[in-house]
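Student: In the working numbering, the protein residues as written are 3 to 127. The beta carbon of each residue, even a glycine, is placed where N, CA and C say it ideally should be.
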Ligand SMILES: [Zn+2]
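#1: State the Cα-Cα distance for the pair residue 24 and residue 43, rounded to the nearest angstrom.
#2: Under 6 Å from any heavy atom of ligand 1, does the C-beta of residue 37 make it?
#3: At a cut-off of 6 Å, is residue 86 close to ligand 2 when judged by its beta-carbon and the heavy atoms of the ligand?
#4: Between the beta-carbon of residue 59 and the beta-carbon of residue 77, is there less than 7 Å?
#5: Leaving out five residues before and five after residue 50 in sequence, what residues of the same chain have Cβ atoms less than 7 Å from its Cβ?
#6: Go ahead and pull the three-state DSSP assignment for residue 31.
#7: Please determine, among 112, 88 and 89, the residue with the shortest C-alpha to C-alpha distance to residue 99.
#8: For residue 125, which residues from the same chain have a beta carbon less than 7 Å from its beta carbon, with the 5 sequence-adjacent residues on both sides left out?
#9: Just curious, the alpha helix (DSSP H) that residue 128 is in, first and last residue?
#10: By the three-class DSSP mapping on this structure, what secondary structure does residue 57 have?
#11: Do you know offhand how far residue 82's Cα is from residue 65's?
#12: Going by the C-beta, is residue 32 closer than 6 Å to any heavy atom of ligand 1?
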């Protein structure tokens, strides 16, 4: 069995261990848009050990955006409020998706949010 596969499986098991806590925190709704469609834990920082700060409960549509699916500016208003979350995976993750759309309201919303200043600067440059 390939080593990468085992590492990935171990990570998925670790993430699954947080599932209950994340679901409770999220109130069993998408932490970006509040939707309830096919909710799953999303791993914002695969480069770090998984934890409550780096995991978010997202619906199918939001996971698609997180994975790089093209965003429609109109649809994105649904995740604007996620910028105000105190969970980095929720606020920064949403900010990264929002920043792919160049509309003025997006820049303003990111500027006003409390996400990490370094991330903010990177997203608004
Ligand atoms: Zn969602």
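Tutor: Concretely, from the data shown:
#1: Our two residues, residue 24 and residue 43, have alpha carbons roughly 8 Å apart in a direct line.
#2: Taking the Cβ of residue 37 as the reference point, at least one heavy atom of ligand 1 falls within a distance shorter than 6 Å.
#3: Only ligand 1 can be found as ligands here, which leaves ligand 2 out of the picture.
#4: In this structure, the beta-carbon distance from residue 59 to residue 77 does not fall below 7 Å.
#5: Within the same chain, and ignoring the five residues on either side of residue 50 in sequence, the residues whose Cβ sits closer than 7 Å to its Cβ are 56.
#6: Of the three classes helix, strand and coil, the one that applies to residue 31 here is coil, per DSSP.
#7: Of the candidates 112, 88 and 89, the one whose C-alpha sits nearest the C-alpha of residue 99 is 112.
#8: Same-chain partners within the cutoff: 97, 98, 101 and 112.
#9: There is simply no residue 128 to check, as the chain begins at 3 and stops at 127 in what is shown.
#10: Three-state result, residue 57: strand.
#11: C-alpha separation (whole angstroms): 15 Å.
#12: Indeed, a heavy atom of ligand 1 lies less than 6 Å from the Cβ.
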